[in-house]
Amino acid sequence: MTPLIEVKKLNVTFQGEEGPIYAVQDVSFDLAPGETLALLGESGCGKSVTMKSLMRLHPEHKTQISGQIQVAGQDLLSMKSSALSKLRGKTISMVFQEPMLAFDPVFTIGDQIIEAVRRHEGCSQADARQRALEMLERVRIPSAAKRLKAYPHEMSGGMRQRAMIALALACRPQILLADEPTTALDATVQIQVLLLLKELQRELGMSMIFVTHDVGVAIEVADRTAVMYAGRIIEQGPVQEVLSHPQHPYTQGLLAATVHPGMDRHQPLPAIPGSPPQLLRRMEDCAFAPRCPHAQEACSLPLPAVDHQAARWSRCIAHTSA
Amino acid sequence: MFVFIFRRFLFALPIALAVAAVCFSLVHLAPGDPLTAVIPADAPAEVVIAIKEAYGMDRPLWIQFVSWVQRAVQGDLGVSVATGRPVMGDIQLALSNTLTLAFASAFLGFSGGILLGALAAVYRGTWIDKAATAVAITGVSVPHYWLGLILVIIFSVQLDWLPSMGAGPGGSANWAWDWAHLRHLILPAVTMCFIPMGIVTRTVRATVAEILNSEFVTALQARGLRRPRITLHIAKNAAPTVLSVMGLQFGYLLGGSILVETVFSWPGTGFLLNTAIFQRDIPLLQGIILVLAMFFVALNLLVDVLQTLMDPRIKRS
Chain V
8 MTPLIEVKKL NVTFQGEEGP IYAVQDVSFD LAPGETLALL GESGCGKSVT MKSLMRLHPE
68 HKTQISGQIQ VAGQDLLSMK SSALSKLRGK TISMVFQEPM LAFDPVFTIG DQIIEAVRRH
128 EGCSQADARQ RALEMLERVR IPSAAKRLKA YPHEMSGGMR QRAMIALALA CRPQILLADE
188 PTTALDATVQ IQVLLLLKEL QRELGMSMIF VTHDVGVAIE VADRTAVMYA GRIIEQGPVQ
248 EVLSHPQHPY TQGLLAATVH PGMDRHQPLP AIPGSPPQLL RRMEDCAFAP RCPHAQEACS
308 LPLPAVDHQA ARWSRCIAHT SA
Chain C
127 MFVFIFRRFL FALPIALAVA AVCFSLVHLA PGDPLTAVIP ADAPAEVVIA IKEAYGMDRP
187 LWIQFVSWVQ RAVQGDLGVS VATGRPVMGD IQLALSNTLT LAFASAFLGF SGGILLGALA
247 AVYRGTWIDK AATAVAITGV SVPHYWLGLI LVIIFSVQLD WLPSMGAGPG GSANWAWDWA
307 HLRHLILPAV TMCFIPMGIV TRTVRATVAE ILNSEFVTAL QARGLRRPRI TLHIAKNAAP
367 TVLSVMGLQF GYLLGGSILV ETVFSWPGTG FLLNTAIFQR DIPLLQGIIL VLAMFFVALN
427 LLVDVLQTLM DPRIKRS
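Line by line, the protein sequences give chains V and C.
According to my numbering, the first sequence is numbered sequentially starting from 8.
According to my numbering, the second sequence is numbered sequentially starting from 127.
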């Protein structure tokens, strides 16, 4: 099966005030139709930057993108802006972390959905309105007809995120990018939104990339996971395997620092010592080595290449050189 | 909505009354007796008393105030001490000329300011931004009476392209929107437009730049919307802030044109005010200040209502 998204050797560099920031380095992954991939990692590791690259949403004059991104068979990075805007919201769509910030505050929810539908489907105002209403009902917003006329600030956080999902799915995209869609929500609402997303994904047959820092959420939604650290993917594979038998010491540390049922609540959580490196240089060696309990001398040498096509791989010499 | 407008209107009434009180008491706060302009210095005491009675100045202050307000509400602002004509007629005429000038300046200043500000915000940090900011700061800083004189020297005296004085053929009462009159409007309008242009430029730049930095603009792009549509979103978000600044600036154009109108002998309220001050024509002075202040209050009310109509986040209660 040809993948819907194919990313090869993606590098994203921002022009910072004190020199370049290598936010994403040498990232490669695929996404098959109907599949869910979880991008897992702590804040600042390049998850969101990777996601935004998939829609080319970075400010162009300050960003350098190299590598290859194929979305639904099209070469994203060489695309003209008119073709790009046709793709955005139609083929590939995004749910943002904070719906309060991602909605225009002075337009109603309904108008914003209608506007997107009319842009991509070219239908009449009445038809677009009908679609908007259907979508709000589909994400189970109570009294949907009334909510069409609501402004974003008039809804609760959970409702807003549902409306955001309705907006993102209004044009039946093939790919949904969800950038920590539940992080800003209450714990109980989180689960509801998560289940809703899973359900809609099945119904509409979409592929999904789900960015999260929450291991539990990744297990809940994803088929496969890619763990990111310091701008790179350091381990990748089926979610169950990666999280039950992590190969990379960072993944091991991340899992050890996660709360799970049945653990001794008087025991302090083991934290990974130190903090992630600043992304001020291109790294050929292992970025995690300074914090790694198993670091050897060989870790400061450039890492051997990994086979990105493999079902399971990790970027650690303990596993690549074997 | 109607209830909201009505309530806002009710809030404006006490402000209007307070303004009227200030206008009225100006006469008594200013040094010198308001009647010294009328009464000869060597007039006998009984003549002074008779004149005081004729003007109603012998009654208690608050009664004077109440009757002044009562008549003002009915459109009677008294009789000019200098000319003997009803003050209201002179003010109406002057006000229409001032409004003409203010509208022309506002049109130039606001459209220029919006354009420059938007350009500066979109091209932040480039030479376009710096040029627009430089124009804005210069516009705000240059004293406009001085600018008026310079423009007169260049365009009237040196080049002889435009007239430097008056409002065109027929004087103050015969304004028309034809070239013979419009050429008289150009120099004062251009002189006056620089301050509002500078201030609107800075406001638009700051507001639009902030909006451009917000996440929802990225989100609009992520929905595949085209540029004109995104521009519309940005404009609607910027409108309430920019509008309130423009409302205030229009108020300043109405009331702050004294120097420009004097430089260009433009027969507006500023020019009339200047005359009234030098002639110590108290009823005229009070009348002009009151009318201008009322315009300011009304303008603020209008801006308030428009802002609420445009921004759903302002509570309508």
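Glycine included, every Cβ here is placed at the ideal spot set by N, Cα and C.
{"Query": "In the DSSP assignment, find the unbroken beta strand (DSSP E) run with S73(V) in it and report its ends.", "Result": "70-78"}
{"Query": "Taking the alpha-carbon positions, what's the L155(C) to C149(C) distance?", "Result": "10 Å"}
{"Query": "So, with DSSP's three-state summary, where would you put F217(V)?", "Result": "strand"}
{"Query": "Name the chain V residues that come within less than 8 Å of N363(C), Cβ to Cβ?", "Result": "D111, P112, V113"}
{"Query": "For the beta strand (DSSP E) containing T195(V), name the first residue and the last one.", "Result": "Where T195(V) is concerned, there is no enclosing beta strand (DSSP E), although the alpha helix (DSSP H) it sits in stretches over 194-211."}
{"Query": "Taking its Cβ as the centre, do 16 or more other Cβ atoms sit within 10 Å of F236(C), making it buried, or is it exposed?", "Result": "buried"}
{"Query": "Would a check of beta-carbon distances place P438(C) closer than 7 Å to chain V?", "Result": "yes"}
{"Query": "Taking Cβ to Cβ, would you say L17(V) is nearer than 7 Å to V31(V)?", "Result": "yes"}
{"Query": "For chain V, check one thing: does any of its Cβ atoms lie closer than 7 Å to the Cβ of R352(C)?", "Result": "yes"}
{"Query": "Helix or strand or just coil, what does DSSP make of P212(C)?", "Result": "strand"}
{"Query": "Taking V196(V) as the reference, give the member of M166(V), S214(V), D230(V) with the closest Cα.", "Result": "M166(V)"}
{"Query": "At a CB-CB cut-off below 9 Å, which residues of chain C make contact with L108(V)?", "Result": "S340, E341, F342, A345"}
{"Query": "Tell me, please, whether the CB atom of A348(C) is closer than 7 Å to any CB atom in chain V?", "Result": "yes"}
{"Query": "State whether the region 393-409 of chain C contacts the region 216-224 of chain C, with contact taken as three or more CB pairs (one from each stretch) at a distance under 8 Å.", "Result": "yes"}
{"Query": "Please check if any C-beta of chain V sits within less than 7 Å of the C-beta of H310(C).", "Result": "no"}
{"Query": "For G238(V), count neighbouring C-beta atoms within 10 Å of its own C-beta (all shown protein chains included) and say buried if the count is 16 or more, exposed if not.", "Result": "buried"}
{"Query": "Between the beta-carbon of C319(C) and the beta-carbon of S383(C), is there less than 7 Å?", "Result": "no"}
{"Query": "Checking contacts by CB at 7 Å: is S92(V) closer than that to chain C?", "Result": "yes"}
{"Query": "Evaluate N363(C) with the Cβ neighbour count: other Cβ atoms within 10 Å of its Cβ, from every protein chain shown; 16 or more gives buried, anything less gives exposed.", "Result": "buried"}
{"Query": "Would you decide whether Q316(V) is buried or exposed? Buried here means 16 or more other CB atoms lie within 10 Å of its CB.", "Result": "exposed"}
{"Query": "Going along chain C in order, which residues have a C-beta closer than 7 Å to the C-beta of M62(V)?", "Result": "A348"}
{"Query": "For a minimum of 4 consecutive residues, which ranges assigned as the alpha helix (DSSP H) are wholly contained in the region 108-168 of chain V?", "Result": "116-128, 132-145, 151-154"}
{"Query": "Could you check which residue in S131(V), F295(V), L61(V), T98(V) has the C-alpha nearest to that of P83(V)?", "Result": "A small fix is needed here, since residue 83(V) is Leu in this sequence, not Pro. Nearest C-alpha to L83(V): L61(V)."}
{"Query": "Can you name the residues that DSSP bridges to K15(V)?", "Result": "Q75(V)"}
{"Query": "Leaving out five residues on either side along the sequence, give the residues of the same chain with a beta carbon under 8 Å from the beta carbon of A185(V).", "Result": "M101, V102, L204, M215, I216, F217, V218"}
{"Query": "Pull up the CB-CB distance for T317(C) and G243(C), whole angstroms please, since I reckon it's below 8 Å.", "Result": "About 21 Å separates the two Cβ atoms, so there is no contact after all."}
{"Query": "Give every residue of the same chain whose Cβ lies closer than 7 Å to the Cβ of T98(V), excluding the five residues on either side of it in the sequence, and list them in chain order.", "Result": "V78, A79, P180, Q181, I182"}
{"Query": "Please work out which residues of its chain come closer than 6 Å, Cβ to Cβ, to I254(C), disregarding the five sequence neighbours upstream and downstream, and give them in chain order.", "Result": "L245"}
{"Query": "Between the alpha carbons of V246(V) and M142(V), how many angstroms are there, rounded?", "Result": "30 Å"}
{"Query": "Any idea if G182(C) is buried or exposed, counting beta-carbon neighbours within 10 angstroms, 16 or more meaning buried?", "Result": "exposed"}
{"Query": "What's the gap between the Cα of T239(C) and the Cα of P277(V)?", "Result": "Sequence check: residue 239(C) is Gly here, not Thr. Approximately 58 Å, taken between the alpha carbons."}
{"Query": "With DSSP as the reference, identify every bridge partner of T20(V), one or two as the case may be.", "Result": "Y29(V), Q71(V)"}
{"Query": "Sorted by chain position, which residues of the same chain lie with C-beta nearer than 7 Å to M291(C)'s C-beta, five sequence neighbours on each side aside?", "Result": "F390, S391"}
{"Query": "Helix, strand or coil, according to DSSP, for Y249(C) in the structure here?", "Result": "coil"}
{"Query": "Based on the DSSP secondary-structure assignment, which residues constitute the bridge partners of Y236(V)?", "Result": "R239(V)"}
{"Query": "Return the chain-ordered list of same chain residues with a C-beta closer than 7 Å to the C-beta of S55(V), the five sequence neighbours on each side being excluded.", "Result": "D186, V218"}
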